[in-house]
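2 protein chains.
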Amino acid sequence: MDESGPRHGGSVFAGLVGASQVLGLVSVVLTGVWMGHYRGGFAWDGSAQEFNLHPLCMVLGLIFLQGDAILVYRVFRNEAKRNVKLLHGIIHLLALIVSIVGVVAVFDFHRAANIPDMYSLHSWCGLATLILFCLQWVMGLLFFLFPVASSWLRAMYLPIHVFCGLTLLVMAIGTSLLGITEKLLFSISSTYSHFAPEGVLANILGLLLVLFGVLLSYLITREEYKRPPNPEEESLSVHFKTLTEGGSPTTP
Amino acid sequence: MDESGPRHGGSVFAGLVGASQVLGLVSVVLTGVWMGHYRGGFAWDGSAQEFNLHPLCMVLGLIFLQGDAILVYRVFRNEAKRNVKLLHGIIHLLALIVSIVGVVAVFDFHRAANIPDMYSLHSWCGLATLILFCLQWVMGLLFFLFPVASSWLRAMYLPIHVFCGLTLLVMAIGTSLLGITEKLLFSISSTYSHFAPEGVLANILGLLLVLFGVLLSYLITREEYKRPPNPEEESLSVHFKTLTEGGSPTTP
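Residue numbers (my numbering), protein chains in the order written: chain A, 320 to 571; chain B, 320 to 571.
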């Protein structure tokens, strides 16, 4: 419904994408600074330094990389769809690997320190998000990269896949905010209420993650930034072909 | 892109709306049970019982009522738009009043107990959400109920208003999850990790709020549940009229 011209719309889009990247990168860096400077750095030995890898990996994998994996469909909306699909799948795979490292780090730390697992709302939301993320990735692979599903099923599933992807990004951000709150109340409960610098830094990180999520959601849902229909558009062409000819799709 | 018939689509829609209402109501009841049974009930005297009104009011006002205020546009999508607008505005006003009571309760409790304000991520996200909610309500009133803005501006603003509304609902839910985590770590930090019933109940409340948000988001963004275009459709007719005739809109 926006009547602004394509040139103006293009520069706004580029500005918003740029802003999202700055927000995402600054969030990753701030997480690194928080864990590196205030929490003693990183290690892989079951210590608190191993725990410190958890926030870093989750913000990098399940938020920044997941967000960018979704965003490629808007940034490269005029490129060949097959290539964009492949990039989307590869960045998601990277996000999954980084996230799994992050989750292993926290379970390892809990085991070494004899801390119970899976009792907090953060852990419940986090595990649900990761399991659904894996499921979404496998389903995406089966439906859209390998022609396992029928073209009708693929067209049916596409809007659900898009909705679930954005939902998972938002869930990942919400879960990170819970993690930030937990970590601060565990680590600096006596000084948090006096605006200790560590607390303020972590709160700012939380707000940046929220802004990243809002910006990504806007870029992904805004009608004018969606992939324009063209003969390579699988979802439409496959659908139309199926309806009119009953034939099998020619994958673009 | 969904090819299911309107009758089937209608029953799925009704089922999803019903499920959302059950989720919303159960969430409000669970919050009441948590605060009433585990946290000593309610009062308005600056005590911890006054604090207990905070979660109840926020879940009722900023989540359940805000969600339903948005949902009326889908549930009554075939009714006269002016009436639906009015209902949308009135439920939002109710949500705002209930939320303000909830916020006053927590500030009152903090003052009486000499607890610092506004240091936590929960408070930062919560205040941002409430301020933006007020702004969104006033903007909605000016743009859509009173003809202050030009028809071109109204058509421009509509998708932003819709996006911001859903974003605010998600932010309210995220903030509530932070509040749940904070409250549990303040109140039952020694038993939370041993799966104390209060902790499990509060975690379940958190998951129900997430499900409510996911369901509402799905119902609101799903193309087939959107208001069908008809002569009363202001956003389209106003827009089209402006483009073709340069005239002022006839408000439906």
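Using N, Cα and C, we set each Cβ at its ideal position, and we do this for glycine too.
No experiment lies behind these values; they were computed from the predicted model shown.
C-beta contact flag for residue i and residue j at 8 angstroms
| i | j | result |
| --- | --- | --- |
| Leu535 of chain A | Leu488 of chain A | yes |
| Gln385 of chain A | Ala414 of chain A | yes |
| Cys376 of chain B | Val420 of chain B | yes |
| Tyr476 of chain A | Phe465 of chain A | no |
| Gly525 of chain A | Ile507 of chain A | no |
| Leu390 of chain A | Leu527 of chain A | no |
| Leu575 of chain B | Val422 of chain B | Shown here, chain B extends from 320 to 571; a query on residue 575 of chain B therefore has no answer. |
| Gly365 of chain B | Asp427 of chain B | yes |
| Ile499 of chain B | Leu504 of chain A | no |
| Arg546 of chain A | Arg430 of chain A | no |
| Leu381 of chain B | Ser418 of chain B | yes |
| Gly408 of chain A | Leu451 of chain A | no |
| Leu472 of chain A | Trp353 of chain A | no |
| Phe482 of chain A | Thr540 of chain B | yes |
Chain-order list of residues whose beta-carbon lies under 6 angstroms from that of residue i (same chain, five-residue window excluded)
| i | result |
| --- | --- |
| Ala362 of chain A | Gln368, Glu369 |
| Gly484 of chain B | Ile389 |
| Val533 of chain B | none |
| Leu406 of chain B | Val391 |
| Gly360 of chain A | Gln368 |
| Ala468 of chain A | Phe462 |
Contact set for residue i: own chain, Cβ-Cβ below 7 angstroms, skip 5 residues either direction
| i | result |
| --- | --- |
| Cys444 of chain A | Met490, Gly493, Thr494, Leu497 |
| Phe514 of chain B | none |
| Gly404 of chain B | According to the sequence shown, residue 404 of chain B is Lys rather than Gly. Hits under 7 angstroms: Phe463, Leu464. |
| Tyr357 of chain A | Glu517 |
| Ala333 of chain A | none |
| Ala338 of chain A | Leu534 |
| Thr563 of chain A | Confidence is the limiting factor: at Thr563 of chain A the pLDDT is only 39, short of 50, which leaves the residue's position unreliable and the question unanswerable from this model. |
Chain-ordered neighbours of residue i on chain B, where CB pairs are closer than 8 angstroms
| i | result |
| --- | --- |
| Cys444 of chain A | Leu496, Gly525, Leu526, Val529 |
| Glu501 of chain A | Thr500, Leu504 |
Contacts of residue i in chain B (Cβ-Cβ under 7 angstroms)
| i | result |
| --- | --- |
| Pro548 of chain A | Near Pro548 of chain A there are no residues of chain B at all, since even the closest Cβ is about 12 angstroms away, more than 7 angstroms. |
| Val489 of chain A | Val489 |
Cross-chain neighbours of residue i in chain A, by beta carbon under 9 angstroms
| i | result |
| --- | --- |
| Pro435 of chain B | Ser512, His513, Phe514 |
Within chain A, the residues that residue i reaches when beta carbons sit closer than 7 angstroms
| i | result |
| --- | --- |
| Gly459 of chain B | Within chain A, no residue comes near Gly459 of chain B; the closest Cβ sits about 16 angstroms away, beyond 7 angstroms. |
| Val533 of chain B | Thr486 |
| Gly493 of chain B | Gly493, Leu496 |
| Asn522 of chain B | Leu440, Trp443 |
Neighbouring residues, chain A, relative to residue i (Cβ below 8 angstroms)
| i | result |
| --- | --- |
| Thr540 of chain B | Phe482, Thr540 |
| Ser536 of chain B | Phe482, Thr486 |
Cβ-based neighbour list, residue i, same chain, cut-off 8 angstroms, excluding 5 preceding and 5 following
| i | result |
| --- | --- |
| Val336 of chain A | Leu390, Arg393, Val394, Leu538 |
| Gly329 of chain A | none |
| His327 of chain A | none |
| Ser346 of chain A | Val378, Ile382, Phe383, Leu524, Leu527, Leu528, Phe531 |
| Glu501 of chain A | Ser439, His441 |
| Gly351 of chain B | Leu375 |
| Glu343 of chain B | The sequence shown places Gly at residue 343 of chain B, not Glu. Excluding positions up to five away in sequence, the list reads Ile382, Phe383, Gly386, Asp387, Phe531. |
| Gly355 of chain A | Phe361, Asn371 |
| His480 of chain A | Gln455, Met458, Gly459, Phe462, Phe463 |
| Ile416 of chain A | Gly380 |
| Leu412 of chain A | Trp456 |
Chain-ordered neighbours of residue i on chain B, where CB pairs are closer than 9 angstroms
| i | result |
| --- | --- |
| Gly518 of chain A | Tyr438, Ser439, Leu440 |
Min CB distance residue i to chain D below 8 angstroms
| i | result |
| --- | --- |
| Val519 of chain B | Absence of chain D from the displayed structure is noted, the protein chains being A and B. |
Check: Which runs of the beta strand (DSSP E) fall wholly inside the segment 355–443 of chain A and span at least 3 residues, in chain order?
Finding: none
Item checked: Under 7 angstroms (Cβ pairs) to chain A, residues found in the segment 472–488 of chain B -> Ala474, Met475, Leu477, Pro478, Phe482, Thr486
Next item on the list: Quick one: which unbroken alpha helix (DSSP H) runs of 4-plus residues sit fully inside the segment 504–541 of chain B? Chain order, please.
Entry: 516–540
Checklist line | Contacting positions in the segment 336–348 of chain A - beta carbon closer than 9 angstroms to chain B | finding: none
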